[in-house]
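Residue numbers (this note's numbering): 3 to 787. Using N, Cα and C, we set each Cβ at its ideal position, and we do this for glycine too.
Okay, structure coming up:
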């Protein structure tokens with residue numbers, strides 16, 4: 003849009019006059035002297051159409067400008083100038099301004115036209131409307147508009163950023179005709195309102211106003227600030243830290259920040275996922291340090307060198323010239339030198355005091371990188387740290403997602419193995435390859451197994467069901483007899499017959515087919531009958547209501563005894579699980595191992611310990627013995643806890659305890675389909691078979707089951723296994739946890755398993771201290787023919 007404007011010094015001179023009247027004595031005298039002298043040149047007080055007039059009064063123009071730019075402004079360093087309002091003609095400028103933006107004729111031609119049009123047009127319109135509304139209508143308009151210009155540096159070819167501030171203090175607005183009606187624009191109170199008020203363009207055409215005066219232009223180099231903001235935006239918006247496009251955008255910004263065109267950047271993350279140190283190819287293909295390294299040993303070496311290098315300092319390391327001295331001191335620099343770089347700087351990226359990566363800057367010329375360049379780059383380092391933290395968090399989430407999708411929630415002791423498999427899977431997907439999860443296998447581990455079973459839980463559950471059915475049938479029979487006394491209905495006789503028949507069946511052996519039949523009878527036929535009787539025979543309504551109150555309305559069955567049984571089961575399982583989990587925390591401190599616990603009618607657990615599970619900590623059989631001691635002690639105390647819980651049970655239940663001793667190491671692998679570990683290999687399966695079959699094994703030559711309430715049974719196949727556990731039993735007898743009735747038993751043959759034996763000993767359920775019998779443990783040997 004065209005804007006009518008003319009050069010005029012009158013607004014500036016008016017400001018002199020005001021200062022000459024209201025200013026301090028010395029200031030008044032100075033400006034009064036200037037006013038007296040300027041009046042001798044009335045041609046300078048009128049609007050100037052031909053700026054060539056300024057050539058005749060060049061000395062006076064300098065004096066006028068001196069009142070705008072005091073001696074604190076540097077002609078060589080500061081960028082400032084004065085021009086015609088909203089025009090491109092510059093009538094006065096600093097040397098730095100002329101060098102950057104003016105050609106020999108004094109015109110603005112160093113700023114690309116599209117940049118000037120885009121930024122200055124917006125600034126021009128907003129400033130014009132601000133002056134119209136404030137000067138002609140008395141509106142106070144807050145705020146200013148500053149434009150950022152991107153200007154190529156002719157020396158480096160890099161983009162420099164300049165902030166443009168147009169000062170319109172000495173411009174007067176004059177309407178060309180009647181003032182437009184301001185109704186509807188009263189809400190304009192700041193520059194943002196003006197910029198977004200499209201109706202202003204139609205109601206206030208700028209060509210109906212004339213702007214007279216001068217525009218003061220102040221320009222500031224804000225390259226550093228804008229580059230830092232650009233780096234911040236790139237890093238905060240990026241979704242993949244290893245993205246090539248993102249990386250080269252950052253490299254370009256770093257070049258602009260330090261002012262060196264050909265500097266190259268590298269980023270080397272040192273991620274820890276699930277507390278496991280790793281180097282991820284997905285994020286390291288822009289690493290200059292790892293470019294020539296193709297093995298984990300080399301990657302670990304570089305990681306350790308930089309961990310040590312920046313252990314005590316956060317300051318960058320500058321190698322202005324990579325020479326033999328530096329190469330001998332840090333051989334890892336050979337990879338940088340082999341790439342043709344002669345100058346390098348390394349910036350530590352730390353989070354909470356820990357090194358999470360290194361930012362590398364290199365150049366092909368020696369001595370190209372200097373300390374001032376490091377200082378320029380330092381402000382960007384916290385942004386790279388934030389980006390590295392975000393990338394690490396993203397990777398951690400990806401790994402957890404893969405683990406949960408393909409594995410399960412895993413324990414700390416084996417999480418590192420799942421992390422490695424997840425990372426390999428993620429890396430393969432990133433390359434576009436057909437990704438496949440590698441098998442999770444731990445070889446040469448020692449198994450420990452323990453179980454606490456609720457004795458005869460199936461029988462107790464059936465007893466509870468029988469009692470509920472009997473009581474419900476009995477109460478139903480009473481209602482039916484009441485109804486028979488009031489009315490003669492053949493159906494009542496048939497129902498009474500079936501109640502008696504079903505009561506007899508339930509009192510003896512309850513077969514599953516009978517249970518289903520009786521359930522259907524009570525839940526459907528009896529309920530429907532009683533609903534009708536309640537209406538037909540109001541005199542027995544009270545008895546019917548009493549019946550309905552005794553059954554569960556959702557399933558229409560009496561469940562009192564079943565509820566008591568389930569409550570007892572739940573109480574035992576919850577308390578034993580909580581106890582074992584608490585004790586397991588102690589066991590993990592002995593030596594990290596894999597532990598899994600299962601809850602059914604009781605609690606059983608598997609433990610696997612070995613060097614392959616904990617590669618960072620040397621394994622010794624000493625740790626295995628400690629965990630076996632933990633195993634037998636925990637089962638003993640769990641049995642005592644279950645015994646004490648009987649006082650809190652409506653249906654007191656007893657438990658049996660068993661251990662399977664197995665001294666030969668096995669291999670386990672993770673089964674993705676079942677999301678659990680299982681033994682691996684034909685020979686190792688024998689261990690799993692024994693574990694599953696010993697819960698109901700009998701003592702050889704008898705009908706007596708090995709596992710008995712209040713006792714601990716330890717099954718073994720080799721004498722050395724028994725000898726080891728005998729030592730533990732003796733100790734626990736000394737601690738009054740076990741009684742002195744130890745039995746050594748031979749067990750019946752199981753399918754595919756022969757030669758099993760067992761130790762069995764009673765658990766001291768009386769926790770009060772008692773003296774040892776004769777001070778020695780008693781062993782009862784039962785020989786079998």
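Cross-strand partners of residue 467 (DSSP beta bridge): Counted from its first residue, the chain shown places residue 467 at position 465. Per DSSP, residue 467 has no beta bridge partner at all.
Close Cβ partners of residue 22 (< 7 Å) along its chain, the five nearest in sequence each way excluded: As a first step, residue 22 must be located in the chain shown, where it is residue number 20. These residues qualify, in order along the chain: 30, 33, 34 and 37.
Contact set for residue 653: own chain, Cβ-Cβ below 8 Å, skip 5 residues either direction: For this step, residue 653 is matched to residue 651 along the chain shown. The answer, listed in chain order, is 462, 466, 563, 566, 567, 569 and 570.
Cα-Cα separation between residue 227 and residue 380, rounded to whole angstroms: Working through the chain shown from its first residue, we reach residue 227 at position 225. Working through the chain shown from its first residue, we reach residue 380 at position 378. Rounded to the nearest angstrom, the gap between the Cα atoms of residue 227 and residue 380 is 13 Å.
Reduced DSSP category for residue 257 - H, G, I as helix; E, B as strand; rest coil: In the chain shown, counting from the first residue as 1, residue 257 sits at position 255. DSSP places residue 257 in the helix class (H, G or I) of the three-state scheme.
Environment of residue 620 [buried if 16+ CB atoms lie within 10 Å]: In the chain shown, counting from the first residue as 1, residue 620 sits at position 618. With fewer than 16 Cβ atoms within 10 Å of its Cβ, residue 620 is classed as exposed.
Exposed unless 16 or more other CB atoms sit within 10 angstroms - verdict on residue 24: Start at 1 with the first residue of the chain shown, and residue 24 comes out as number 22. Its Cβ having fewer than 16 others within 10 Å, residue 24 is exposed.
Close Cβ partners of residue 158 (< 7 Å) along its chain, the five nearest in sequence each way excluded: If you number the chain shown from 1, residue 158 lands on position 156. For residue 158, where only same-chain residues beyond five positions count, the Cβ hits under 7 Å are 261 and 263.
CB contact below 8 Å: residue 258 versus chain C: In the structure shown, chain C does not exist; there is a single protein chain.
Residues near residue 558 by beta carbon distance below 6 Å, same chain, minus five either side: Residue numbering aside, residue 558 sits at position 556 when the chain shown is read from its first letter. Only residues of its own chain outside the window of five on either side were considered, and among them 525 and 529 have a CB closer than 6 Å to the CB of residue 558, listed in chain order.
Buried or exposed by the 16-neighbour rule on C-beta atoms within 10 Å, applied to residue 699: Mapped onto the chain shown, residue 699 falls at position 697. When all chains shown are included, residue 699 counts as buried.
Same chain, Cβ closer than 8 Å to residue 505, neighbours up to 5 away in sequence not counted: To locate residue 505, count along the chain shown from 1; it is residue 503. Leaving aside the five residues that flank residue 505 on each side, the residues in its chain whose CB is nearer than 8 Å to its CB run, in chain order, 472, 475, 476 and 479.
Coarse secondary structure for residue 659, derived from DSSP in three states: Here residue 659 refers to the residue found at position 657 of the chain shown. Under the three-state reduction of DSSP output, residue 659 falls in the strand class.
Buried versus exposed call for residue 350 [16 or more other C-beta atoms within 10 Å across all chains shown]: Against the chain shown, residue 350 aligns to sequence position 348. Answer is buried; the Cβ neighbour count reaches 16.
Sub-8 Å separation of residue 352 and residue 316 beta-carbons: For the purposes of this step, residue 352 is identified with residue 350 of the chain shown, where counting begins at 1. For the purposes of this step, residue 316 is identified with residue 314 of the chain shown, where counting begins at 1. With respect to residue 316, residue 352 sits close: the two C-beta atoms are nearer than 8 Å.
Residue range of the alpha helix (DSSP H) that includes residue 505: On the chain shown, position 503 is the one that residue 505 refers to. Run containing residue 505: 492–509, per the alpha helix (DSSP H) assignment.
Beta-carbon proximity list for residue 633, same chain, < 8 Å, skipping 5 on both sides: Position 631 of the chain shown, counted from the start, is the residue given in the question as residue 633. Around residue 633: 450, 452, 609 and 661.
Identified DSSP bridge partners for residue 608: One-based indexing of the chain shown puts residue 608 at position 606. DSSP lists 451 and 598 as partners of residue 608.
Whole-angstrom C-beta distance between residue 713 and residue 762, which should lie under 8 Å: Working through the chain shown from its first residue, we reach residue 762 at position 760. Working through the chain shown from its first residue, we reach residue 713 at position 711. A Cβ-Cβ distance of about 6 Å is found for the pair residue 762 and residue 713, placing them in contact under the 8 Å criterion.
Distance between beta carbons of residue 614 and residue 444, contact taken as under 8 Å: Your numbering for residue 444 matches position 442 in the chain shown. Your numbering for residue 614 matches position 612 in the chain shown. Right, the Cβ-Cβ distance comes to about 5 Å (below 8 Å), so this counts as a contact.
Residue environment, residue 622, which counts as buried when at least 16 other CB atoms sit within 10 Å: Here residue 622 refers to the residue found at position 620 of the chain shown. It is exposed - the Cβ of residue 622 has fewer than 16 other Cβ atoms within 10 Å.
Residue 67 - DSSP class collapsed to helix/strand/coil: Position 65 of the chain shown holds residue 67. Three-state result, residue 67: helix.
Residue burial classification, residue 365 (beta-carbon count within 10 angstroms, cutoff 16): Taking the first residue of the chain shown as 1, we reach residue 365 at position 363. Looking at its Cβ environment, which holds 16 or more other Cβ atoms inside 10 Å, residue 365 is buried.
As assigned by DSSP and simplified to three states, the class of residue 411: As a position in the chain shown, residue 411 is number 409, starting the count at 1. Note that residue 411 scores 48 on pLDDT, short of 50, meaning its location in the model is unreliable; the coordinates nonetheless yield the value given after this. The answer is coil: DSSP assigns residue 411 none of H, G, I, E or B.
Exposure label - residue 514; buried when at least 16 CB within 10 Å: By 1-based counting over the chain shown, the position of residue 514 is 512. Label assigned to residue 514: exposed.
Length-filtered (3 minimum) beta strand (DSSP E) runs lying within the stretch 129–193: Segments of the beta strand (DSSP E) lying fully in the stretch 129–193: 148–154, 161–169 and 173–177.
Buried or exposed (CB count within 10 angstroms, at least 16 for buried), residue 318: Mapped onto the chain shown, residue 318 falls at position 316. Only buried fits residue 318, as 16 or more other CB atoms lie within 10 angstroms of its CB.
Any 3 or more C-beta pairs closer than 8 Å across the stretch 693–708 and the stretch 720–727: The stretch 693–708 makes no contact with the stretch 720–727; the number of CB pairs closer than 8 Å stays below 3.
Nearest candidate by alpha-carbon position, reference residue 583, set 599, 441 and 135: The count along the chain shown starts at 1 and reaches residue 583 at position 581. That would be 599, whose Cα lies nearest to the Cα of residue 583.
Alpha helix (DSSP H) runs wholly inside the stretch 208–251, at least 4 long, in chain order: Counting only runs of 4 or more, we get 225–239.
Residues bridged to residue 270 [DSSP beta-bridge criterion]: Position 268 of the chain shown, counting from 1, holds the residue named residue 270. Its beta-bridge partners are 360.
Assumed close pair residue 173, residue 225 - CB separation to whole angstroms, cut-off 8 Å: Taking the chain shown and counting its residues from 1, the one referred to as residue 173 is at position 171. Taking the chain shown and counting its residues from 1, the one referred to as residue 225 is at position 223. Not really, about 30 Å apart at Cβ, beyond 8 Å.
Endpoints, the beta strand (DSSP E) within which residue 350 is located: Taking the first residue of the chain shown as position 1, residue 350 is located at position 348. According to the DSSP assignment, residue 350 belongs to the beta strand (DSSP E) that extends over 345–353.
Residue from 53, 269, 715 and 19 with nearest C-alpha to residue 455: The residue labelled residue 455 in the question sits at position 453 within the chain shown. Taking only the C-alpha atoms, the option nearest residue 455 is 715.
Span separating the alpha-carbon of residue 729 from that of residue 304: In the chain shown, counting from the first residue as 1, residue 729 sits at position 727. In the chain shown, counting from the first residue as 1, residue 304 sits at position 302. Their Cα atoms are separated by approximately 50 Å.
Residues bridged to residue 82 (per DSSP): Position 80 of the chain shown, counting from 1, holds the residue named residue 82. 220.
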